[in-house]
Amino acid sequence: MTSHSTLSRRFAATFLLASAVLFSGFASADDTSKAESADDSLSVLIITSGCCHDYDFQAKAIQMAATKAGVEAKWTVVNDGGKGTQAEIDFYGDEDWAKPFDVVIHNECFAATTNPDYIRQITKAHHAGVPAVVIHCAMHTYRDAEIDDWREFLGVTSRRHDHQ
């Protein structure tokens, strides 16, 4: 069972990270707002890869935006699965894949991945209380799946968008 303080820390981590990413262009942090020690830093996982975008650039941009906004974080970036629309990232194979992290940023784009057990292994971690930030293409990922677990986790169904 997850303790109240752990849930509060995770909620704060999600809120701070989302704020940093969303408002990095508007925020300026002074040195006094940074964490006092490494123990206070957030443990952030970025899962990224797939078709259609420059995921290396996006992962670096997210980290830089968070740092600029004063978020002290220890980053783990998993860029696995290639550039296609179908992949299963090995990192999710560990039953406790999300346990070491305060927040997970989903930035993967695998629309044609349909394995129900694989998708449920991902969403199970978030149902257990690990917060997530979901970025752009991850909103349309697993869209060919017959199960709705990913869409229920998101709270929205997004099957496509027109190129801008």
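Our numbering applies: residue 4 is where the sequence shown begins, and numbers increase by one. Even glycine gets a Cβ: it sits at the ideal position worked out from N, Cα and C.
Item	Value
Counterpart residues of Gly53 in DSSP-defined beta bridges	Cys112
Among Cys112, Tyr58, Val159, Val81, the one whose alpha carbon lies nearest that of Ile49	Val81
Cutoff 6 Å; reference Glu39; Cβ partners in own chain excluding five residues on either side	In this predicted model, Glu39 has a pLDDT of only 43, less than 50, meaning its place in the structure is not dependable; the value taken from the coordinates is given anyway. Excluding positions up to five away in sequence, the list is empty.
Delimiting residues of the alpha helix (DSSP H) encompassing Lys77	No alpha helix (DSSP H) holds Lys77; the beta strand (DSSP E) holding it covers 76-82.
Stretch pair the segment 105-123 + the segment 87-97: three plus CB contacts closer than 8 Å	yes
DSSP-derived helix/strand/coil call for Ala131	coil
Limits of the unbroken alpha helix (DSSP H) element including Arg146	First-last for Arg146: undefined, no H or E at that position.
Sufficient close CB pairs (3 or more, under 8 Å) joining the segment 138-152 to the segment 98-111	yes
Candidates Ala101, Asp120, Thr160, Ala148: closest to Ala135 by CA position	Ala101
CB of Gly96 within 8 Å of CB of Cys54, strictly	no
Segment limits, alpha helix (DSSP H) that includes Thr70	58-71
Ser46 versus Val74: straight-line alpha-carbon distance, rounded	11 Å
Same chain only: Cβ atoms within 7 Å of Leu157, ignoring 5 sequence neighbours per side	Val137, Met142
Same chain, Cβ closer than 7 Å to Gly85, neighbours up to 5 away in sequence not counted	Ser52
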